[in-house]
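Colleague: There's a structure below that I have some questions on.
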Amino acid sequence: MRALTLSLKGRALRLLSQREHSRYELEQKLKPHEMHEGELKKALDTLEEKGFISELRVMESVVYQKGVKLGALRIKQELQNKKIAQPLIVQAMAQLKETELSRAQKLWKRNYGEPAKDSKEKAKQIRFLLSRGFDAQVIRKIISDVDRYDGDLSALD
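Residue numbers (the numbering used here): 986 to 1142.
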């Protein structure tokens, strides 16, 4: 029997059925399967015209999926890696900045739940939140609030 070979459009649709992909991501994944010059561009143009490829949906998907665990800076980096248009990134950052403090507090509570016992542990907590892409100002506020309320985390809610 012959192996079934998918067209570029078919491959793109298969990828899009699993999750939202930006045009750039699809180009990178499908480039090795392009037989003729311009074939990939034509297939992606068709899919974009029909609404299968949408940078707005990709942006919303990333913000929704990653917003709980990651800060605005890290999500911005992910959107830039996906080559999302700058106005959409700015829109996403505006949405995320509004909830940045509460998301960082929830993440801190879930991972630590009590004030650091010494400066070494405090540095570890700060590094963790920084690695997740939260702003240094937000992290300072959380750490100072935890220290000020001496572990009474209900004050952070």
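Glycine included, every Cβ here is placed at the ideal spot set by N, Cα and C.
How is the alpha helix (DSSP H) around residue 1005 delimited, first residue to last?
Modeller: Counting along the chain, residue 1005 falls outside any alpha helix (DSSP H), and DSSP gives it neither H nor E.
Colleague: Do you know offhand how far residue 1130's Cα is from residue 1006's?
Modeller: 39 Å
Colleague: Take every Cβ of the segment 1008–1022, pair it with every Cβ of the segment 1050–1059, and state whether three or more of those distances are shorter than 8 Å.
Modeller: no
Colleague: By DSSP, does residue 995 sit in helix, in strand, or in coil?
Modeller: helix
Colleague: Pull up the distance between the alpha-carbon of residue 1133 and that of residue 1081, whole angstroms please.
Modeller: 26 Å
Colleague: Verify whether the separation of the beta carbon atoms of residue 991 and residue 1024 is less than 8 Å.
Modeller: no
Colleague: Along the chain, which unbroken stretches of the alpha helix (DSSP H) at least 4 residues long are found entirely within the segment 1051–1137?
Modeller: 1057–1066, 1071–1096, 1104–1116 and 1121–1133
Colleague: Can you give me the start and stop residues for the alpha helix (DSSP H) that residue 1024 sits inside?
Modeller: 1024–1034
Colleague: By DSSP, does residue 1039 sit in helix, in strand, or in coil?
Modeller: Three-state DSSP puts residue 1039 in coil, outside helix and strand.
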